[in-house]
Amino acid sequence: PRKPGMDRTDVLAINLKIIDEIMDGIIKHAPDAYVIVVSNPVDVLTYYANKKANWPRNRIMGQAGILDSMRLSSFIAMETDYSINDIQAMVLGGHGDTMVPLPRFTTVSGISIEHLLDQNTIDNLIQRTRDGGAEILNLKQKSSANNAPGAAVTIMVEAIVHNKHRLLPCITMLEGEYGQSDIAIGVPVMLGENGVEKIIELNFTDEEQQAFDTSAQVIKSLINEI
């Protein structure tokens, strides 16, 4: 597990071997399964799992955006005193320092936080979200974050098992969407009984697209190491 002082990429070599063994077992014994990757660096390992299985991309996905969005929602609630039940955050891109929180699509009862908070406060909340995993690690000391990731995975599993057609930020393989191909990265998807049933392409501003492309480039540089 990731420990204090480590970033998500420090565990790549170890977790790659683990994912390799797990995928061997799934391919052999559960060839019709749907797979949710959680281990870090989750974008790279989701990509690797897809390439190893060579299944349709809807069946292997990664969890990150739900967790990051939950963290951002929590920080907004703490800052504003609005109920977290009314806050919907949207965090896309890679699960790490280059994640792409989208204030334009982050709302309190449908009202963008850009109308409720000044830019400096928004920037601070975004940075705290990026640092959220490390903050928890420093508090827990001897183990990695697991409670919130577990809750996020539960949301994904329930969406698939109960065919809920939830619109959620998840890691999936892109084939031209958002101008990216041959990469696994966090984007809004519809999750149902067929796994990733639809990829929703948002109309990014130039600044948002640049941030997304930067995040994608970081993931691709790690992919090139495996």
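Residue 557 is where the sequence shown starts when you use my numbering, and the numbers rise one by one after that. Cβ atoms here follow ideal geometry from the backbone N, Cα and C, with glycine treated the same way.
Looking at the secondary structure, which residues open and close the alpha helix (DSSP H) in which residue i lies?
| i | result |
| --- | --- |
| residue 588 | Per DSSP, residue 588 belongs to no alpha helix (DSSP H) and is neither H nor E. |
| residue 634 | 621-636 |
| residue 706 | 703-717 |
| residue 682 | 675-686 |
| residue 607 | 598-609 |
Should residue i be flagged as near chain B, meaning a C-beta pair shorter than 8 Å?
| i | result |
| --- | --- |
| residue 742 | Checking the listed chains, one finds no chain B in this structure; it contains a single protein chain. |
Whole angstroms is fine: what's the gap from residue i's alpha carbon to residue j's?
| i | j | result |
| --- | --- | --- |
| residue 648 | residue 581 | 30 Å |
| residue 577 | residue 583 | 10 Å |
| residue 669 | residue 608 | 41 Å |
| residue 734 | residue 747 | 19 Å |
| residue 709 | residue 749 | 15 Å |
| residue 641 | residue 663 | 11 Å |
| residue 605 | residue 711 | 21 Å |
| residue 596 | residue 639 | 31 Å |
| residue 598 | residue 613 | 15 Å |
| residue 764 | residue 674 | 18 Å |
With which residues is residue i paired in a DSSP beta bridge?
| i | result |
| --- | --- |
| residue 617 | 592 |
| residue 667 | 664 |
Going along the chain, which unbroken runs of the beta strand (DSSP E) with 3 or more residues stay wholly within the segment 724-764? Runs of the beta strand (DSSP E) inside the segment 724-764: 737-748, 751-755.
Is there contact here, the segment 632-641 with the segment 713-720, by at least three beta-carbon pairs under 8 Å? These segments do not touch.
Closer than 8 Å is the cut-off here; do at least three beta carbon pairs connect the segment 647-662 with the segment 756-774? Cβ pair count under 8 Å is three or more, so yes.
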